[in-house]
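This is how it looks when you write it as structure tokens:
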């Protein structure tokens, strides 16, 4: 039994995604509620605490709206199971999610530069007549 506890602690501390942390917390609550070893409890408190207190770092690898939305849902579920206030963590994820939802107009905006003074040509009457003379001959 001690070996199983050590492997569970090692797996928990090894870096589980939030959905797997949620599964482990639920399984421990369901099957080990009265007999949870202190090491397992401490490991779970550490990773759960990390998800809620170091949220920006915990989500730094998430790069899509769907990943962030999914993470948001998992945090809400984890908060319900653990009784932790998720407000600040949810705010961090929501702010990063807004960055993906808001279009970046500057990125797609074309630039136009008008002609510079040296590029402007002045047309004299003779130059205009020469330019359009072939139209008038017909």
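Numbering (the working numbering), first residue to last: 19 to 156.
Each residue gets a CB set at the ideal place from its N, CA and C atoms; glycine is no exception.
This one's a predicted model, so the numbers in the text were calculated from it and none came from an experiment.
Alpha carbon to alpha carbon, how far is residue i from residue j?
i           : j           : result
residue 68  : residue 106 : 12 Å
residue 84  : residue 95  : 17 Å
residue 91  : residue 97  : 10 Å
residue 119 : residue 86  : 11 Å
residue 70  : residue 104 : 7 Å
Indicate the three-state DSSP secondary structure (helix, strand or coil) for residue i in the structure shown.
i           : result
residue 61  : helix
residue 82  : coil
residue 67  : helix
residue 77  : coil
residue 52  : coil
residue 72  : coil
residue 102 : coil
Hey, could you find the ends of the alpha helix (DSSP H) residue i is sitting in?
i           : result
residue 44  : 36-49
residue 105 : 105-119
residue 23  : 20-31
What residues in its chain sit with their C-beta under 7 Å from that of residue i, if we drop five residues either side in the sequence?
i          : result
residue 74 : 110
residue 57 : 23, 27
By Cβ distance below 6 Å, which residues in the same chain neighbour residue i in space, the five residues on each side in sequence not counted?
i          : result
residue 66 : 100
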